[in-house]
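Peer 1:
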Amino acid sequence: MTGIAENLRRVQARIAEACTAAQRSLDSVQLIAVSKSFMVEDVREAIAAGQRSFGESYVQEALPKIEQLADLDLDWHFVGPVQSNKTRDIAAHFDWVHGVDRARIAQRLSEQRPANLRPLQVCVQINISGEASKSGCTPEEAIELCRAIATLPRLRLRGLMSLPAPSNTDENPRAAFARLRELFEHIHAQGLALDTLSAGMSDDMEAAIAEGATLIRIGSAIFGERNRQTSE
Ligand SMILES: *Cc1c(COP(=O)(O)O)cnc(C)c1O
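According to this note's numbering, the sequence shown holds residues 21 to 252 in order.
Structural data, given as structure tokens:
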């Protein structure tokens with residue numbers, strides 16, 4: 021008894037409460053269930069409970085799951101850092117990619133996106149808390165990268181994505197989400213058609229929704245704690 025269906029209902033209730041508090045409509049927030057490190061059986065359980073969008077961070081781990089569930093109508097979001105030697109698999113197997121942070125990666129994804137699939141939906145990852153170690157482009161670089169992506173034929177620019185600052189900083193998570201939202205509004209005002217703010221995880225989804233997140237990426241609150249550390 022893993023309780024995934026029950027966890028999903030709890031997460032949906034949290035989303036509904038956060039939307040009410042923020043005076044937003046419930047359908048303005050989409051839930052991505054981040055299934056990294058969990059098995060295809062766990063994903064099936066979430067599907068049985070009505071979930072259709074899933075996120076994965078490691079290509080090698082994701083591909084067998086995507087393949088085994090290929091007969092179902094699901095959306096797969098690649099939410100991990102995009103390495104250039106993984107772009108071909110990402111372009112061929114995912115519907116969305118959230119971690120694009122440089123033009124070269126965007127170019128490869130566009131070149132490698134198969135012609136029979138709809139354009140790959142792209143979010144630009146922003147290093148909003150300015151840590152040296154983190155992936156993501158700087159807020160200053162973001163507009164140029166968004167412009168470049170908007171010209172690529174096999175990509176569709178959708179919005180911005182950020183990860184939370186590490187818990188050892190004492191910044192209010194909401195302040196970082198607010199900066200991401202301001203950057204989104206700034207880029208939007210320059211004429212780029214963004215409609216997606218990908219922000220918020222299990223511990224900070226309420227703050228993200230309060231600051232306008234439209235896609236939230238939830239792992240442990242649905243599937244449980246991850247004990248295996250996967251990498252590639
Ligand atoms: C793992 C992961 C998540 C989910 O994190 P939880 O804290 O388990 O909800 C969300 N986004 C990204 C990019 C991740 O790698």
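Glycine included, C-beta positions come from ideal geometry on N, C-alpha and C.
Given a threshold of 16 other Cβ atoms within 10 Å of its Cβ, counted over all protein chains shown, does residue 164 qualify as buried or as exposed?
Peer 2: When all chains shown are included, residue 164 counts as exposed.
Peer 1: So what's residue 199 in DSSP terms, helix, strand or just coil?
Peer 2: Of the three classes helix, strand and coil, the one that applies to residue 199 here is helix, per DSSP.
Peer 1: What residues in its chain sit with their C-beta under 6 Å from that of residue 58, if we drop five residues either side in the sequence?
Peer 2: The answer, listed in chain order, is 243.
Peer 1: Looking at residue 56 and ligand 1, is the gap between the Cβ and the nearest heavy atom below 7 Å?
Peer 2: Yes.
Peer 1: Would a C-beta distance cut-off of 8 Å place residue 71 and residue 28 closer than the cut-off?
Peer 2: A contact, by the Cβ cut-off of 8 Å.
Peer 1: Mind listing, in chain order, the continuous alpha helix (DSSP H) runs of no fewer than 4 residues lying wholly within the stretch 116 to 148?
Peer 2: You should have 123 to 132.
Peer 1: Confirm the yes/no value for this check: CB of residue 223, any heavy atom of ligand 1, distance under 7 Å.
Peer 2: Yes.
Peer 1: Spatial neighbours of residue 67 within its chain, please: C-beta separation below 8 Å, excluding the five flanking residues on both sides.
Peer 2: Answer for residue 67: 89, 92, 94, listed in chain order.
Peer 1: Please work out which residues of its chain come closer than 6 Å, Cβ to Cβ, to residue 108, disregarding the five sequence neighbours upstream and downstream, and give them in chain order.
Peer 2: Correct list, in chain order: 132.
Peer 1: Can you name the start and end residues of the beta strand (DSSP E) that residue 54 belongs to?
Peer 2: Run containing residue 54: 50 to 54, per the beta strand (DSSP E) assignment.
Peer 1: Tell me which same chain residues have a C-beta within less than 7 Å of the C-beta of residue 174, skipping the five on either side of it?
Peer 2: The answer, listed in chain order, is 130, 133, 139, 140.
Peer 1: Say yes only if the C-beta of residue 99 is nearer than 7 Å to one or more non-hydrogen atoms of ligand 1, and no if none qualify.
Peer 2: Yes, ligand 1 has a heavy atom inside 7 Å of this Cβ.
Peer 1: Whose C-beta lies closer than 7 Å to the C-beta of residue 240 among residues of the same chain, with five residues either side of it excluded?
Peer 2: Once the five neighbours on either side are set aside, the close Cβ partners of residue 240 are 222, 246.
Peer 1: By a C-beta neighbour count over all protein chains shown, 10 Å radius and 16 as the cutoff for buried, is residue 137 buried or exposed?
Peer 2: When all chains shown are included, residue 137 counts as exposed.
Peer 1: Mapping the DSSP letters down to three states, classify residue 47 as helix, strand or coil.
Peer 2: It is helical.
Peer 1: Measure the CB-CB distance between residue 193 and residue 224 and report whether it falls below 8 Å.
Peer 2: Cβ distance < 8 Å, so residue 193 and residue 224 count as in contact.
Peer 1: How would you write the range of the alpha helix (DSSP H) that residue 158 sits in, first residue to last?
Peer 2: From DSSP, residue 158 is part of no alpha helix (DSSP H); its letter is neither H nor E.
Peer 1: Where do the N-terminal and C-terminal ends of the alpha helix (DSSP H) with residue 109 fall, by residue?
Peer 2: Run containing residue 109: 107 to 113, per the alpha helix (DSSP H) assignment.
Peer 1: Report the option in 64, 100, 69, 102 whose CA atom is closest to the CA atom of residue 86.
Peer 2: Residue 86 has its Cα closest to that of 64, out of 64, 100, 69, 102.
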